[in-house]
Structure formats: structure tokens, C-alpha cells
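Written out below as C-alpha cells is the structure these notes cover.
Number of protein chains: 2
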Amino acid sequence: MQIGEAAEASGVTAKMIRHYEAIGLIPPAGRRSSNYRDYGADDVHRLAFIRRARDLGFSIGEIRELLRLWADRRRSSRDVKALALRHIAELEAKIATLGEMRATLAHLAHCCDGDSRPDCPIIESLAGTVPPPHRH
Amino acid sequence: MQIGEAAEASGVTAKMIRHYEAIGLIPPAGRRSSNYRDYGADDVHRLAFIRRARDLGFSIGEIRELLRLWADRRRSSRDVKALALRHIAELEAKIATLGEMRATLAHLAHCCDGDSRPDCPIIESLAGTVPPPHRH
DNA sequence: ATGGAGCTTCCCATCATTGGAAGGTCAAGG
DNA sequence: CCTTGACCTTCCAATGATGGGAAGCTCCAT
Numbered sequence: 001m002q003i004g005e006a007a008e009a010s011g012v013t014a015k016m017i018r019h020y021e022a023i024g025l026i027p028p029a030g031r032r033s034s035n036y037r038d039y040g041a042d043d044v045h046r047l048a049f050i051r052r053a054r055d056l057g058f059s060i061g062e063i064r065e066l067l068r069l070w071a072d073r074r075r076s077s078r079d080v081k082a083l084a085l086r087h088i089a090e091l092e093a094k095i096a097t098l099g100e101m102r103a104t105l106a107h108l109a110h111c112c113d114g115d116s117r118p119d120c121p122i123i124e125s126l127a128g129t130v131p132p133p134h135r136h
Numbered sequence: 137m138q139i140g141e142a143a144e145a146s147g148v149t150a151k152m153i154r155h156y157e158a159i160g161l162i163p164p165a166g167r168r169s170s171n172y173r174d175y176g177a178d179d180v181h182r183l184a185f186i187r188r189a190r191d192l193g194f195s196i197g198e199i200r201e202l203l204r205l206w207a208d209r210r211r212s213s214r215d216v217k218a219l220a221l222r223h224i225a226e227l228e229a230k231i232a233t234l235g236e237m238r239a240t241l242a243h244l245a246h247c248c249d250g251d252s253r254p255d256c257p258i259i260e261s262l263a264g265t266v267p268p269p270h271r272h
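Here it is in C-alpha cells:
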């Protein structure tokens, strides 16, 4: 099948399929006489794998490693799990950061009247005219 | 003061100060005869404002708006609060996305033995050989 | 006057993805 | 047979926020 159909079947855009090939995440696709790329079921399978990994927030580098582990029949599930746990830790760190931002901002917003007057603890906090809320 | 000192005082790197000037987030700094940028207390104050807004996760576009509101003595706190609430919603959306990733991956990792054998529900889920965990 | 610290501009890299231009290929229909 | 339109090709550029570094200028202390 050609790239459009492979994109449809895998959920990865044609644009990204070419990109993944360019950066060596996937092997170069076969070519027809027309120079069009040609994909088989295995290729689509690998692309869908990548798609699901992206949906879980794995980086390209991590996906490279996941693909290597997937292909290695002698892999240990320990290695896969370690990679997953490392990624979970990254996710939790990001969630914590965003959660702190949310909490700080929610507190400020809660203290803001939200009326037609200019006085606003949000702006004042950003301006540093009041000590920033420091809850943890 | 010159840019290094302003960077130190505001918590914004000299690199970023120049960048913010280039994209019009801050007005062009005055220059000395040496062509060095020259900053006063007001400039540092504005940079610190930007720094705190960045720390709360506001985008450059949002900060542009916040700076406009800060400068506007006739602003309504309603407008500031609306911007803050909108940003809180963005943060919560991101947190929710990351949280779903974390939950899915944690479930898979929990089901993975993590031993020396290759069998691994994480890899299998990515490969699509088992239906993906669909909890919401 | 020389060294070094700090400044200047300019270009490039990151990360994953998207957009578009210019042009080649193929099938269907007039 | 020729056109049209959908598909493909490569290449270049942009996104957002930041960092790295080169080449060259300014300033101050030794």
C-alpha cells in the first residue's frame, strides 16, 4: 500500500511517516517503480506501535528504545518495565509542576474580586508588590 | 545597569532579555555610547513580572496581554481574572492528559512481572496484541 | 598594553509537528 | 488522446521558549 493508506491504517500522518524514516526511527520504506513508498502489514504494525507510544507521551528517543526491545526476543521484561517506570516518573514530575502552577493561580484567582475595579491580587502578585503565595 | 546585572536582578537570563526585546514583548532598551543596553529599575521590575508569569506557565502571548493589563490603570480585575481562569483551564487540561498517560502506563507496569523473561504487557499493549487498557 | 570579563549581533539546535511550494505519477472520464 | 484531480515526491520553513556558540567590540584592572 502507499503512504496515505498506511497513514490511515496506522493513525500516523504521511508527513510524520516520512519524518520518522528521515530520522531513522523506522527503516527506509521500499519503493515502487513510480518512486512511491510501499508499505506492508508489518510496517503499518510498527507505525501503530509508534502511535500508541506517542499517545503515552514517550519521546522519540524512548520509542527508539521501545522498538529495539520489541524486536528483541531475548529482552527481559525488566528492561521494558524500567523504561516505563522512568517515563512514569517524568510524567509525575510534569504533573507536579503543572499542579503547583494551578494551585498558586487558583488561589490568586480565588482572592480576585473579578469586578470592574482595577485592584487585582493576580496582577499584584506578578508585579511582586505582594509576597507570592508560597504553599506546599 | 547593563544587561548582566538586570538579568541577575530579575531572574531572566541576558539571552532571554534580548529575545524578549526582539519579539517586542518589552520595548527596546536604551543604549549607552558603547552600544551596551542600559536598564533601570522599571525595566528590571517588568522583567521580574515576566519571570513570575513564566513560572506560572503563561505563554508569551498571555504575558503580552498581562503586561498590557498591568500597564492599564483602567483595567478591570474581571479581565485579569478571566485570563487567569482560562490559563487554569489549560493547565488542568494538560494535567488531565498527563494523568491519563500516567494511569494507563502505571496499570501496564503493575501488570508487568519485570523479570528476565520477555513477556511484557507493556510491549504487548503498544504492539496492539492485547486491547489497550481503557479506563476513564 | 594586555588580559579577561562583559557586551554586541548572528546563526544554529532543540522537540515533534505542521504547512506549503514545485513538481512527478496515476486513474478515470470527456 | 488529453485533461483533471488525487495522490505522491523532495525541500524549505515555521512553530515556542530556550540554550549554545562564534566573531568581534568595550571596558577596567593590572
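Here the protein sequences line up with chains A and B, keeping their order.
With the working numbering, the residue at position 111 of the first sequence is 111, and numbering never jumps.
With the working numbering, the residue at position 18 of the second sequence is 154, and numbering never jumps.
All residues carry an ideal CB built from backbone N, CA and C; glycine is no exception.
Remember, it's a predicted structure, so these values are computed and weren't measured experimentally.
Going by C-alpha distance, which of the options is nearest residue i?
i              : options                        : result
I122 (chain A) : B:C247, B:G235, B:F194         : B:F194
R286 (chain B) : A:R18, A:D119, A:R78, A:E5     : Residue 286 (chain B) lies beyond the range of chain B shown here (137 to 272); nothing can be said about it.
I26 (chain A)  : A:G4, A:C111, A:L67            : A:L67
E5 (chain A)   : A:A22, A:R37, A:H19            : A:R37
H107 (chain A) : B:D178, B:L192, B:A143         : B:L192
R253 (chain B) : A:A22, A:T13, A:A9, A:V80      : A:V80
G114 (chain A) : B:S146, B:T265, B:E260, B:A220 : B:A220
S33 (chain A)  : A:H45, A:Y20, A:Q2             : A:Q2
R222 (chain B) : A:A109, A:H45, A:I23, A:A82    : A:A109
S261 (chain B) : A:C112, A:H45, A:A14           : A:H45
C248 (chain B) : A:G40, A:S77, A:A41            : A:S77
A41 (chain A)  : A:A7, A:A53, A:T104, A:T13     : A:A7
A53 (chain A)  : A:A103, A:S10, A:G128, A:R102  : A:S10
G128 (chain A) : B:Y156, B:A263, B:W206, B:I224 : B:W206
Y39 (chain A)  : A:A22, A:I17, A:G24            : A:I17
A239 (chain B) : A:I88, A:P28, A:A29, A:V130    : A:I88
A82 (chain A)  : B:L241, B:D179, B:G160         : B:L241
Could you give the first and the last residue of the continuous alpha helix (DSSP H) run that contains residue i?
i              : result
D79 (chain A)  : 77-111
P257 (chain B) : 257-263
S10 (chain A)  : 3-10
R68 (chain A)  : 60-71
Item to complete: Taking a Cβ distance cut-off of 9 Å, strictly less, list which residues of the stretch 139-169 of chain B are near chain A, in chain order.
Response: none
Worksheet item: Would you call the stretch 219-228 of chain B and the stretch 94-113 of chain A in contact, with 3 or more CB pairs under 8 Å?
Response: yes
Worksheet entry | Contact set between the stretch 226-248 of chain B and chain A, restricted to residues whose Cβ is under 7 Å from the partner | L227, E228, K230, I231, L234, G235, M237, R238, T240, L241, A242, L244, A245, C248
Discussion item. I want to know whether the stretch 178-186 of chain B touches the stretch 59-69 of chain A - three or more CB-CB distances under 8 Å.
Written reply: no
Worksheet entry | Uninterrupted alpha helix (DSSP H) stretches inside the stretch 143-183 of chain B (no shorter than 4 residues) | Correct list: 150-158.
Discussion item. At a CB distance below 9 Å, what residues from the stretch 255-270 of chain B approach chain A? Give them in sequence order.
Written reply: D255, C256, P257, I258, I259, S261, L262, A263, G264, P268
Item to complete: Pull out every residue of the stretch 57-74 of chain A whose Cβ sits closer than 8 Å to any Cβ of chain B, in chain order.
Response: Listed by position along the chain: G57, L66, L69, W70, D72, R73, R74.
Worksheet item: Can you list, in chain order, the residues of the stretch 212-224 of chain B whose Cβ is nearer than 7 Å to any Cβ on chain A?
Response: S212, S213, R214, V216, K217, A220, L221, H223, I224
Practice prompt. Check each residue of the stretch 42-53 of chain A: if its Cβ is closer than 7 Å to any Cβ of chain B, include it; give the result in chain order.
Written response: A48, F49, R52, A53
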